[in-house]
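Residue numbers (the UniProt record's numbering), protein chains in the order written: chain A, 1 to 448; chain B, 1 to 448. Beta carbons: idealized from backbone N, C-alpha and C, even for Gly. Predicted model only: the values in this text are computed from it and were never measured.
2 protein chains.
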Amino acid sequence: MLEQSLLLTDLYELAMLEAYAAHGMAGTASFELFVRKLPPTRGFLMAAGLEQLVGFLETMRFMDEEIGWLRASGMFSPGFLDGLAALRFTGDVDAMPEGTVFFGDEPILRVTAPLPEAQLIETRLINLMHFQTVIASKAARMVLAAPGRQLVDFGLRRAHGAEAGLLAARASYLAGFSATATVLAHRDFGIPVSGTMAHSFIQAHDDEATAFERFARVRPKALTLLIDTYDTERAAAIVARLAPRLAAEGIHVTAVRLDSGDLAAHARRVRAILDAAGQNGIRIFASGGLDEGVLQRLVIDGAPIDGFGVGTSLTTSADAPALDCAYKLQEYAGRPRRKKSEGKATWPGRKQVYRRYAADGTIAGDVIALAGELMDGEALLQPAMRAGRRVAGLPTLEQARACAATALTRLPDVLRRLGPGAVPVAISQGIRDLVARMDLAAQPDSVP
Amino acid sequence: MLEQSLLLTDLYELAMLEAYAAHGMAGTASFELFVRKLPPTRGFLMAAGLEQLVGFLETMRFMDEEIGWLRASGMFSPGFLDGLAALRFTGDVDAMPEGTVFFGDEPILRVTAPLPEAQLIETRLINLMHFQTVIASKAARMVLAAPGRQLVDFGLRRAHGAEAGLLAARASYLAGFSATATVLAHRDFGIPVSGTMAHSFIQAHDDEATAFERFARVRPKALTLLIDTYDTERAAAIVARLAPRLAAEGIHVTAVRLDSGDLAAHARRVRAILDAAGQNGIRIFASGGLDEGVLQRLVIDGAPIDGFGVGTSLTTSADAPALDCAYKLQEYAGRPRRKKSEGKATWPGRKQVYRRYAADGTIAGDVIALAGELMDGEALLQPAMRAGRRVAGLPTLEQARACAATALTRLPDVLRRLGPGAVPVAISQGIRDLVARMDLAAQPDSVP
Numbered sequence: 001m002l003e004q005s006l007l008l009t010d011l012y013e014l015a016m017l018e019a020y021a022a023h024g025m026a027g028t029a030s031f032e033l034f035v036r037k038l039p040p041t042r043g044f045l046m047a048a049g050l051e052q053l054v055g056f057l058e059t060m061r062f063m064d065e066e067i068g069w070l071r072a073s074g075m076f077s078p079g080f081l082d083g084l085a086a087l088r089f090t091g092d093v094d095a096m097p098e099g100t101v102f103f104g105d106e107p108i109l110r111v112t113a114p115l116p117e118a119q120l121i122e123t124r125l126i127n128l129m130h131f132q133t134v135i136a137s138k139a140a141r142m143v144l145a146a147p148g149r150q151l152v153d154f155g156l157r158r159a160h161g162a163e164a165g166l167l168a169a170r171a172s173y174l175a176g177f178s179a180t181a182t183v184l185a186h187r188d189f190g191i192p193v194s195g196t197m198a199h200s201f202i203q204a205h206d207d208e209a210t211a212f213e214r215f216a217r218v219r220p221k222a223l224t225l226l227i228d229t230y231d232t233e234r235a236a237a238i239v240a241r242l243a244p245r246l247a248a249e250g251i252h253v254t255a256v257r258l259d260s261g262d263l264a265a266h267a268r269r270v271r272a273i274l275d276a277a278g279q280n281g282i283r284i285f286a287s288g289g290l291d292e293g294v295l296q297r298l299v300i301d302g303a304p305i306d307g308f309g310v311g312t313s314l315t316t317s318a319d320a321p322a323l324d325c326a327y328k329l330q331e332y333a334g335r336p337r338r339k340k341s342e343g344k345a346t347w348p349g350r351k352q353v354y355r356r357y358a359a360d361g362t363i364a365g366d367v368i369a370l371a372g373e374l375m376d377g378e379a380l381l382q383p384a385m386r387a388g389r390r391v392a393g394l395p396t397l398e399q400a401r402a403c404a405a406t407a408l409t410r411l412p413d414v415l416r417r418l419g420p421g422a423v424p425v426a427i428s429q430g431i432r433d434l435v436a437r438m439d440l441a442a443q444p445d446s447v448p
Numbered sequence: 001m002l003e004q005s006l007l008l009t010d011l012y013e014l015a016m017l018e019a020y021a022a023h024g025m026a027g028t029a030s031f032e033l034f035v036r037k038l039p040p041t042r043g044f045l046m047a048a049g050l051e052q053l054v055g056f057l058e059t060m061r062f063m064d065e066e067i068g069w070l071r072a073s074g075m076f077s078p079g080f081l082d083g084l085a086a087l088r089f090t091g092d093v094d095a096m097p098e099g100t101v102f103f104g105d106e107p108i109l110r111v112t113a114p115l116p117e118a119q120l121i122e123t124r125l126i127n128l129m130h131f132q133t134v135i136a137s138k139a140a141r142m143v144l145a146a147p148g149r150q151l152v153d154f155g156l157r158r159a160h161g162a163e164a165g166l167l168a169a170r171a172s173y174l175a176g177f178s179a180t181a182t183v184l185a186h187r188d189f190g191i192p193v194s195g196t197m198a199h200s201f202i203q204a205h206d207d208e209a210t211a212f213e214r215f216a217r218v219r220p221k222a223l224t225l226l227i228d229t230y231d232t233e234r235a236a237a238i239v240a241r242l243a244p245r246l247a248a249e250g251i252h253v254t255a256v257r258l259d260s261g262d263l264a265a266h267a268r269r270v271r272a273i274l275d276a277a278g279q280n281g282i283r284i285f286a287s288g289g290l291d292e293g294v295l296q297r298l299v300i301d302g303a304p305i306d307g308f309g310v311g312t313s314l315t316t317s318a319d320a321p322a323l324d325c326a327y328k329l330q331e332y333a334g335r336p337r338r339k340k341s342e343g344k345a346t347w348p349g350r351k352q353v354y355r356r357y358a359a360d361g362t363i364a365g366d367v368i369a370l371a372g373e374l375m376d377g378e379a380l381l382q383p384a385m386r387a388g389r390r391v392a393g394l395p396t397l398e399q400a401r402a403c404a405a406t407a408l409t410r411l412p413d414v415l416r417r418l419g420p421g422a423v424p425v426a427i428s429q430g431i432r433d434l435v436a437r438m439d440l441a442a443q444p445d446s447v448p
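Written out as structure tokens, the structure is:
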């Protein structure tokens, strides 16, 4: 499978592995994954993707045909390729549990493994962790913007490929969405699936009323009718007349869906039309170009909309489709390591993040410290794998979703309102001392 | 496989299929895929993804275990599910060849098939065509921004999942990139693969010179050394001293890579250091936060950079990660259909796009016309599938890449410079007459 192949990696990972092998460099390495700086439109991020990463690491191996192809490519020495067949991930992973809220520079995951293993997994590790973290972080904003409203992922079609569509459903559910339209996400993750109808269904019929009736008979239990194909209010009137007739047959119109125009204005008029016909029970569901800003305005304005289908802006995280994340070597063979590139210098050593809470339960601030440093607060990085196997009790998707819900309640108010603001993140004295010692030890004249 | 499952779809597609089946609606439908309006930062788009779509349509079918799972889910009637086993795609596809440049409202693909087939494929069809079109359109801008420079896709890690990473390599190569770092894209698509080294490789060694030498011995043919881990110019001096020694062993340093700081300034200083040491043959390769705007400035400023590795901005199309595209029913059972939703009304009927060129060979303008309408100009939609099978002679990736290269030379100058501007796109009189006839025929009082 595409998503499990170890050839889904950057060429340089294999090139480095060959060099490590040639020089017997198989000491223990610690790499950490972190986001350097949050996008301007994000006050917090939410960790996600660990479950898929652990699944990948537990089963990863080079297939015989992959090694055969590498051999035929002539890009690597035969001796090096011989060694790949036995390569497995045997290391440890510590990570923030999925659904944890985090901030810039904080390690969200640490891999401790023999250098070649920790190196090889870099590309796919970032690919898996980055994407779901991007989506969970975006979805969490929508959850905060529309409290108590049903939010459904409609975004498979414009997600970036198959895996993105499937995992966006997972990440958004984890962050608090109610359901997805993606059938496979229901099968693979148990996420509630829901769906309405497309304009093409209406258009394929000669009139809207017939289309509604026909659809009703195949969806008698969870029936949502799309009413904006020609004229939203006229269609609402059709639904108002049709609903009692269907009810007599035991078919209940659950909701109508609006997908275009001024959603608040249409929702008010449609609500009035339905209520005047005694159809107070029919809910109004809206979709079309929604993002957390639009959701927030609709909710604040009191638009009578009960649920939202969110597509493109969710599954592409349209305003921030990528994070400035990195997976960096922090320790090798017992010695801390530090990259000093301009604007991209890293904090060395194996680290932990400690979180402190205010009296009202909201996050007061975090401290990034060395893993061995004594600190108050909740340690956010928790064991996820030991010696290549997942630890017992890794959270289920439902547990991660509960963790995410709790995490959102503990955000400072300004972040819950999606306003600008930042939680203070401090660097411990232990890290600062380590950096000072490393700078002192650096040989300024080491050019040979 | 995830990317071939027909369960990777929206629930409503299956719900509509059940309703179509219940009412014997299997007439011929024509759907068209188009982008309503270009993103503000795009003057043109480039069609891509057809090859993957055709592959999907040729082989698509419900697996027995998928039907079994649908049955167990209780979401559909058993009779309907029985019919799914035999479902295949038997229709026609006409499409702009991959690499074709196009503009807003133009159909880039038309499916003509029995309604259930044309409906079912909607979600994955958009998912496949949208993504590669997004990426090819972004990559084409980079190709125009850095003419004659080597451009390499470095973006797998931050692409949205496995398929996005793999297909971004394909779409960017199609648009004119030289290579990718993704090993699997080399295997699956024959795209040249290239790679350098990561900072972690340098950091894992006690000094840079040792790291360079060790890497050199495993990459004697295409050796690029990363020089910004600690101090770019100091590392360039190390390379300048090391290169003659390696050359004596038959190992040639092909390039150095810069990945941080002011790339133009570093490139000038590094060029001077290398040239002063007689190493004029070592090329300079740059990466880190590049997009077409940065590329354009570096090239215009004459920065001595020979090639670029582009990651995140390419594989997420960061400034425009999604297009406002739609797949809409334009004709069913011989009758044109039209969606009239506010701001989302469609042009009805089966259409064709005709392109006219100025005397200098650049695009003068397009006309969107009915498929049967007589028009001057090049007809852009070409047969891709007939009766469920691909037509003979569908372009290879290399042919599509050549088509893209030609298309970029035929863009008006302002678009080649990535400036604002638009190619005129007209709607034919035939379409306008059809809309008028449909509006006239519409029953204003059809509420039952």
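Whole angstroms is fine: what's the gap from residue i's alpha carbon to residue j's?
{"i": "THR59(A)", "j": "ALA400(A)", "result": "22 Å"}
{"i": "GLY281(B)", "j": "THR254(B)", "result": "7 Å"}
{"i": "GLY112(B)", "j": "GLY91(B)", "result": "Looking at the sequence itself, residue 112(B) is Thr, so the reference to Gly does not match. Approximately 6 Å between the Cα atoms of the pair."}
{"i": "LEU242(B)", "j": "ALA276(B)", "result": "14 Å"}
{"i": "SER5(B)", "j": "ARG61(B)", "result": "8 Å"}
{"i": "ASP206(B)", "j": "MET385(B)", "result": "59 Å"}
{"i": "SER428(B)", "j": "GLY99(B)", "result": "25 Å"}
{"i": "LYS344(B)", "j": "SER260(A)", "result": "7 Å"}
Taking only three categories from DSSP, how would you classify residue i?
{"i": "GLY260(B)", "result": "A quick correction: the sequence has Ser, not Gly, at residue 260(B). It is coil, neither helix nor strand."}
{"i": "GLU342(A)", "result": "coil"}
{"i": "PRO348(A)", "result": "coil"}
{"i": "PRO448(A)", "result": "At PRO448(A), the pLDDT of 33 sits below 50, so the modelled position is not reliable and the matter cannot be decided from this model."}
{"i": "LEU225(B)", "result": "strand"}
{"i": "PHE103(A)", "result": "coil"}
{"i": "GLY307(A)", "result": "strand"}
Report yes or no: is there a C-beta of chain A within less than 7 Å of the C-beta of residue i?
{"i": "residue 494(B)", "result": "As shown, chain B starts at 1 and ends at 448. That puts residue 494(B) outside it, with no answer to give."}
{"i": "GLU3(B)", "result": "yes"}
{"i": "PRO321(B)", "result": "yes"}
{"i": "VAL218(B)", "result": "yes"}
{"i": "LEU156(B)", "result": "yes"}
Please check if any C-beta of chain B sits within less than 7 Å of the C-beta of residue i.
{"i": "VAL93(A)", "result": "no"}
{"i": "VAL193(A)", "result": "yes"}
{"i": "TRP347(A)", "result": "no"}
{"i": "VAL270(A)", "result": "no"}
{"i": "ASP10(A)", "result": "yes"}
{"i": "MET96(A)", "result": "no"}
{"i": "HIS252(A)", "result": "no"}
{"i": "VAL183(A)", "result": "yes"}
Using C-beta distances below 6 Å, list every residue in its chain close to residue i, excluding the 5 sequence neighbours before and after it, in chain order.
{"i": "ASP94(B)", "result": "ARG110, LEU381, PRO383"}
{"i": "ILE126(B)", "result": "TYR327"}
{"i": "ASP366(A)", "result": "VAL353, ARG355, VAL425"}
CB-CB under 7 Å to residue i, same chain, minus the five flanking residues each way: which ones, in chain order?
{"i": "ARG337(B)", "result": "LEU329, GLN330, GLU331, PRO348"}
{"i": "ARG269(A)", "result": "GLU233"}
Under 8 Å Cβ to Cβ from residue i, same chain only, skipping five residues before and after it: list those, please.
{"i": "ARG389(B)", "result": "GLU58"}
{"i": "ARG410(B)", "result": "VAL101, TYR357, GLY361, THR362, ILE363"}
I want to check one thing, is the minimum distance from the CB of residue i to the heavy atoms of the ligand ATP below 6 Å?
{"i": "GLU163(B)", "result": "In the structure shown, the ligand ATP is absent, as is every other ligand, since no ligand is present at all."}
Chain D partners of residue i, CB-CB under 7 Å?
{"i": "ASP82(A)", "result": "No chain D appears in this structure, whose protein chains are A and B."}
Mind listing which residues of the segment 277-294 of chain A have their C-beta closer than 9 Å to chain B's C-betas, in chain order? GLY288, GLY289
Give, in chain order, every residue of the segment 124-147 of chain B whose Cβ lies closer than 7 Å to some Cβ of chain A. ILE126, ASN127, HIS130, PHE131
With 7 Å as the limit, tell me which residues of the segment 195-213 of chain A have their beta carbon closer than that to any beta carbon of chain B; keep them in chain order. GLY195, THR196, MET197, ALA198, HIS199, SER200, PHE201, GLN203, ALA204, ASP207, ALA209
Which residues of the segment 21-43 of chain B have a Cβ closer than 9 Å to any Cβ of chain A? Give them in chain order. ALA21, ALA22, HIS23, MET25, GLY27, ALA29, PHE31
Please list the residues of the segment 332-345 of chain B that have a C-beta atom closer than 7 Å to any C-beta atom in chain A, keeping them in chain order. TYR332, ARG337, LYS339, LYS340, SER341, GLU342, GLY343, LYS344
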